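For the sequence shown, our numbering assigns the number 262 to the initial residue and increments by one for each residue that follows. We put the CB at the ideal spot given by N, CA and C, even for glycine. Computed from a predicted structure; not experimentally measured.
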Amino acid sequence: MKKKRIVFGVIAAAVLIASVSVYAQMNHPYHNGTVWTVAFIRIKPGMDVAYMNYLARSWKAEQEAQKKEGNIISYKVLSVEGHSPADFNLMLMTEYKSLTAMEANEDKAEAVAQKVVGNYEAQMKGYNDRLAIREIIGDRLAREIILEPKK
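See below:
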């Protein structure tokens, strides 16, 4: 009788482990993609050309240098239409391979920024200069979700 209980217990444990394993391996109709940082910017009235000049020159140069060094995958600038005067009207987006890669490359990215933009003081001066032409409304970190059809 004792042997039957032990055998039954072992079988029950094996079934439980197998069902947990199958559940853990369930196919989901999606997988995680790349990670994006998104900055929400409000360009001040009449300052569109001034801010676009900054983006086309300095911001793009830094993004291209980060891309060349392998710190980022891509970047985008999106104009937002139909916004209220208090809302953002531009989104600056930077794509990273993963959150891990983004965090692991922080020191490399800072070195690239210093090479392209200048030291910390130069970066702060540029930031303060841009206060006159734009306002940062906020920023977010987003992960792309790759949808796959159910099999």
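Based on DSSP bridge pairs, tell me the residues matched to residue i.
i, result
"residue 400", "300"
"residue 352", "301, 339"
"residue 357", "296"
"residue 395", "304"
"residue 406", "293"
Indicate whether at least one CB of chain D lies closer than 9 Å to the CB of residue i.
i, result
"residue 378", "Absent from the structure is chain D; it holds one protein chain and no more."
Start and end of the alpha helix (DSSP H) containing residue i?
i, result
"residue 305", "Counting along the chain, residue 305 falls outside any alpha helix (DSSP H), and DSSP gives it neither H nor E."
"residue 391", "381-391"
"residue 310", "309-315"
"residue 377", "367-377"
"residue 325", "321-329"
Got a sec? Which residues, its chain only, sit under 6 Å from residue i by beta carbon, not counting five neighbours each side?
i, result
"residue 384", "378"
"residue 398", "301, 303, 349"
"residue 322", "377"
"residue 405", "294, 295"
"residue 326", "373, 377"
"residue 312", "304, 394, 395"
"residue 336", "324, 355"
Between which residues of its own chain and residue i is the CB-CB distance below 8 Å, once the five residues before and five after are set aside?
i, result
"residue 291", "406, 407, 408, 409"
Suppose the cutoff is 7 Å on Cβ atoms and the five residues either side in sequence are ignored; what does the same chain contact list for residue i look like?
i, result
"residue 363", "296, 357"
Measuring from the CB of residue i, is there a heavy atom of the ligand PLP at a distance below 8 Å?
i, result
"residue 291", "As presented, the structure is devoid of all ligands, the ligand PLP included, so that no description of it is given."
Is the number of C-beta pairs between the region 355-375 and the region 325-338 that are closer than 8 Å three or more?
yes
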